[in-house]
Amino acid sequence: MVTATRGYRAFQAANAAVLTGVVLVTLFPFVNIVARSFSGEQEIRSGQVVLWPKGFNLTTYQKVMSDPVFWANYRNTVVYTVVATVIALVLTTCYAYVLSKRELRGRTVLVGIAVFTMFFNGGLIPNYVLVSSLGLRNTLWAIVLPNAISVFNLLVMKAFFESLPPELEEAAAVDGSGTYGTLLRIVLPLSKAVLATMLLFYAVSFWNSWFAGFLYMDRQGLFPVTVYLRNLIAGATGGTDNTATSEAALQIAANIQAVTIVLIMLPIMLVYPFIQRFFVSGVMLGAVKG
Amino acid sequence: MVVTLSKEVKDAPAPGPPVRRKRRPLRRDWQLYSLAVLPLLFFLVFRYLPMLGNVIAFRRYQPGGDLFGEQWVGLRYFTMFLGDPTFWQVFTNTAVLGALTLLFCFPLPIVLALLLNEVRTRWLKGFVQTVSYLPHFLSIVVVAGLILQTVAVDGVINQGLQALGRDPVAFIQEPGWFRTLYVSSEVWQTVGWGTILYLAALTTIDTDLYDQAKVDGANRWRQTWHVTLPGIAPTMITLLILNIGTFLAVGFEKVLLLYNPLTFETADVVSTYLYRVGIVSGSFSYAAAIGLFEALIGLFLVLGANTLSRRTVGTSLW
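Take a look at the structure:
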């Protein structure tokens, strides 16, 4: 252990103070938004709400939760997230497994095809033209298909498969198991941790995504809930260039925005303490090989 | 079955040096290749086809018409935007926002990681980490909502200003405040998550080095300077290369959510400009030309930073 000089002890105290500051600054917006969501509109307008609700009421929650559009969009988000995550997980697993076979002919090319897209992509306009001409607009495929494989996740999974002992698969092959059987019965049961991590990575990113829905959905009934929130806050930025949101141009009450924000964050905040370590280990796994 | 048998036969007389790469016939590996078909189709259609789709930057494109445009026009759209003062305005805005983001969002995670590394109380360190990662998990729409509520006229910042006897500021409508809002919220979102790789690198530093430094009479500060920082230098360089490569790819979605015509002067960036020109106004070819230009600059930045770092410090991404 360090001989705690006076200077070092002073540093420890200052360090604790700085880190406490970091924690407070990080948490403050959350506390504030929750306080606002339970406050009266008048109290928010007159700038009284900081850490604790003023004019406590639950009517804003009732109001937002009784809006059928909100629920329709919330349900859309759930459906989009589930479908997209399942498809992404299957495709990523298949490709990562192929890429993890070091002796496979053409493996370098297959890896290169994926990695190159990390550094160069088609860009907004060609993607938009493509999705439109494939007739995917106003379908959930516009959200699911263009983001079906994240190369970062792919590399994380590849690194994991490469770390598995090859003897197990060789033994399975000797027992007459084909590639599919080996993958399903030997490899995947050993990969539950990485599958869970990938599931979370994808689920969170699809849950949070809004731009694809905003870009490709024309009807309110098809929006994910993030676009619902976007239209609320677009009214609040004062002037927007999008014609689709003209009804949102009027100022939406701050407490309604606050409630919507809280309801969108809620599922993630509830599972966050339990899933956080999966994310951290996933990032590190990706960093080793990526 | 046949497939497996032939594998055994092939594998049997192969105890040679592991470096020798066997040629595995397609016939035996077809199942493996078949797993790659759908993913490859994905990359082909949704990644490489749009790259080819950039050809509309050189061709006239009719909305709803041919994916690759109707007629060659050469560099017409490129000369158009290069002579467009708005383009240079948004290009400057992009560069300034990118530079400010790099200036703050690259070093601050290193500082935070070093501070966390000095914490001896385990639960306290874990708690600070858990809290600081939290903003990373939020939708950018939620982040934008939080920013707007915090800086609103009735928001906390203005309450603070009023407590100091100052007039409230409509931050979101002031061009002079946009960059501050953008960069400070970017720090809020990314600083905690950015520490992960550094904290991982810190655990790999050989403790003997610290002991030797102590024998040489180095205090904590000198140990940090001479042992810790060199220990995490490869991570720093890798992340710096990546940061430089994405320098111009400033947060398109965040800007789109936070800007408005009153703040275009400082807030409008290349990606939001091409979004408005292309998708809102329908000048697809013009916008595609701008997008291609931006993507090529990004690619050159990554390659350039990578080459530079390989030549100077011997670390590179590949």
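Going line by line, the protein sequences match chains A and B.
Just so we're on the same page, our numbering is the position in the first sequence counted from 1, plus 1335.
Just so we're on the same page, our numbering is the position in the second sequence counted from 1, plus 6.
Even for Gly, the Cβ is constructed at its ideal location relative to N, Cα and C.
Values in this document were obtained by computation on a predicted structure and should not be read as measured data.
Residue-level contact to chain B via CB, residue i, 8 Å cutoff
i               : result
residue 1514(A) : yes
residue 1574(A) : Residue confidence is low: residue 1574(A) scores 42 on pLDDT, short of 50, so the model does not pin down where it sits. Its coordinate-derived value is still stated next. Yes, residue 1574(A) counts as interfacial toward chain B.
residue 1433(A) : yes
residue 1607(A) : yes
residue 1374(A) : no
residue 1488(A) : no
residue 1371(A) : yes
residue 1619(A) : yes
residue 1478(A) : no
residue 1521(A) : no
residue 1382(A) : yes
residue 1588(A) : no
Buried versus exposed call for residue i [16 or more other C-beta atoms within 10 Å across all chains shown]
i               : result
residue 1384(A) : buried
residue 192(B)  : buried
residue 1342(A) : exposed
residue 1605(A) : exposed
residue 271(B)  : exposed
residue 1473(A) : exposed
residue 213(B)  : exposed
residue 1542(A) : buried
residue 147(B)  : buried
residue 1331(A) : Residue numbering for chain A in the displayed model covers 1336 to 1625; residue 1331(A) lies beyond these limits and cannot be assessed.
residue 91(B)   : exposed
residue 199(B)  : buried
Min CB distance residue i to chain A below 8 Å
i              : result
residue 212(B) : no
residue 57(B)  : yes
residue 157(B) : no
residue 90(B)  : no
residue 35(B)  : yes
residue 188(B) : no
residue 194(B) : yes
residue 162(B) : yes
residue 97(B)  : no
residue 311(B) : no
residue 198(B) : yes
Amino acids of chain B, ordered along the chain, whose beta-carbon sits closer than 8 Å to that of residue i
i               : result
residue 1599(A) : 145, 147 and 148
residue 1417(A) : Going along chain B, no residue has its Cβ under 8 Å from residue 1417(A), so there is no contact; the nearest lies around 17 Å.
residue 1350(A) : 121, 124 and 125
8 Å Cβ cutoff met for residue i and residue j
i               : j               : result
residue 257(B)  : residue 1458(A) : no
residue 112(B)  : residue 307(B)  : no
residue 1558(A) : residue 1462(A) : no
residue 1532(A) : residue 1567(A) : no
residue 286(B)  : residue 99(B)   : no
residue 1425(A) : residue 1617(A) : no
residue 93(B)   : residue 295(B)  : no
residue 1432(A) : residue 1496(A) : yes
residue 1423(A) : residue 1484(A) : yes
residue 1352(A) : residue 155(B)  : no
residue 1538(A) : residue 1489(A) : no
Chain-ordered neighbours of residue i on chain B, where CB pairs are closer than 7 Å
i               : result
residue 1592(A) : 151 and 155
residue 1343(A) : 226
residue 1452(A) : 49 and 53
Distance between beta carbons of residue j and residue i, contact taken as under 8 Å
i               : j               : result
residue 62(B)   : residue 74(B)   : 6 Å
residue 264(B)  : residue 187(B)  : 7 Å
residue 292(B)  : residue 83(B)   : 5 Å
residue 1372(A) : residue 1395(A) : 7 Å
residue 1599(A) : residue 1564(A) : 6 Å
residue 1517(A) : residue 1507(A) : 5 Å
residue 1486(A) : residue 1452(A) : 6 Å
residue 254(B)  : residue 178(B)  : Rounded, the Cβ-Cβ distance is 24 Å, inconsistent with contact.
residue 1361(A) : residue 194(B)  : 7 Å
residue 1460(A) : residue 284(B)  : 5 Å
9 Å Cβ cut-off: residues of chain B touching residue i
i               : result
residue 1543(A) : 143, 144, 145, 146, 147 and 148
residue 1555(A) : Chain B residues near residue 1555(A): none, gap ~16 Å exceeds 9 Å.
residue 1389(A) : Here the premise fails: no neighbours, minimum Cβ distance about 12 Å.
residue 1401(A) : Here the premise fails: no neighbours, minimum Cβ distance about 21 Å.
Proximal residues of chain A, C-beta to C-beta of residue i below 8 Å
i              : result
residue 284(B) : 1459, 1460 and 1463
residue 87(B)  : The contacting residues do not exist; residue 87(B) stays about 13 Å from chain A at best.
residue 177(B) : Correct list: empty, because the minimum Cβ distance to chain A is about 11 Å.
residue 62(B)  : 1460, 1461 and 1464
Partners in chain A for residue i, counting only beta-carbon separations shorter than 7 Å
i              : result
residue 45(B)  : 1426, 1429, 1430 and 1484
residue 138(B) : 1357 and 1361
residue 259(B) : 1546
residue 290(B) : 1460 and 1464
Min CB distance residue i to chain E below 8 Å
i              : result
residue 251(B) : In the structure shown, chain E cannot be found, because the protein chains are A and B.
beta-carbon residue i near the ligand FAD non-hydrogen atom, thresh 7 Å
i              : result
residue 270(B) : Summarising the ligand content, the structure contains no ligands, and the ligand FAD is consequently not present.
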